[in-house]
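Step one of this worksheet: look at the structure below.
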Amino acid sequence: MSAEIVFEFHSTRTDNEAGVASGWSDPPLSKAGCERAKELGERRRGERIDAVFCSDLRRAVETAQIAFGERLPLHRDRRLREYDYGTMTRAPVEQIHAERRARVDIAFPKGESLRDVAKRVGDFLDDVRRDWDGKRVIVVGHGATKLALDHRLAGMTLEDPASQAFTWQPMPPSWRFTLAD
416 MSAEIVFEFH STRTDNEAGV ASGWSDPPLS KAGCERAKEL GERRRGERID
466 AVFCSDLRRA VETAQIAFGE RLPLHRDRRL REYDYGTMTR APVEQIHAER
516 RARVDIAFPK GESLRDVAKR VGDFLDDVRR DWDGKRVIVV GHGATKLALD
566 HRLAGMTLED PASQAFTWQP MPPSWRFTLA D
């Protein structure tokens, strides 16, 4: 029993272009981001996809709607959100990335830790395991979503992905994970 999860980052948002970290703030996709979301849909056209899940934040929803909305139902899920950066929301991306290793167990001020993110993504995975066995699902999420998937499904400690360098790429390659019992 298993499900295949294909992870895709949300497309470029206006905050990416401004160099600030959005966290739980809700900026829209940029014009270039809308074009890249269309490219994602074209790249995945013809593939078997049983469901599309996305964070409930606007940038992930818009990416999923543009890429898949005409042909697949979308499932918005709050548990797939980016970190809550708390009072550091909209800080320069470099500042947030410099904090990542220290924020594995210590929450951002008035926000959350990576362990908090991993817990909520783990709860999401429990539901996928139960409800989507034998299926192939797309998850459109954020940097923290990917870190939690690396931890939960690729056997990394939380410190491992939190220590990796991260550079925003508008439509980097997708990642595939197997969710097994």
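Numbered per the working numbering, the sequence shown finishes at 596, counting up by one with no gaps.
Just so you know, even glycine gets a beta-carbon here, dropped at the ideal spot from N, CA and C.
Note that the structure is a prediction, hence the values are computed from the model and not measured.
With respect to valine 536, alanine 517 sits apart: the two C-beta atoms are not nearer than 7 Å. When C-alpha distances from phenylalanine 483 are compared across Arg496, Gly501, Arg463, Gln579, the shortest belongs to Arg463.
Judged by DSSP in its simplified three-state form, isoleucine 481 adopts helix. Annotation note: the segment 495–530 contains the following uninterrupted alpha helix (DSSP H) runs of length 4 or greater, listed N- to C-terminal: 508–514. With a threshold of 16 other beta carbon atoms within 10 Å, arginine 460 falls short and is exposed. Taking 7 Å as the cut-off, the beta carbon of histidine 566 is found closer than this to the beta carbon of alanine 533. If you check the CB distance, arginine 474 and leucine 455 do not come in under 7 Å.
Across the structure, glutamate 485 and arginine 428 are spaced so that their CA atoms are roughly 21 Å apart.
A straight line joining the alpha-carbon of valine 555 with that of threonine 572 spans about 22 Å. By the Cβ-count criterion, aspartate 430 is buried, with 16 or more other Cβ atoms from all chains shown falling within 10 Å of its own Cβ. The Cβ atoms of valine 519 and glutamate 574 sit closer than 7 Å to each other. Between the alpha carbons of arginine 451 and serine 426 lies a distance of about 6 Å. Here the alpha carbon of methionine 416 sits roughly 14 Å from the alpha carbon of aspartate 542. Looking at Leu489, Glu509, Gly526, His490, the one whose alpha-carbon comes closest to that of glutamate 497 is Gly526.
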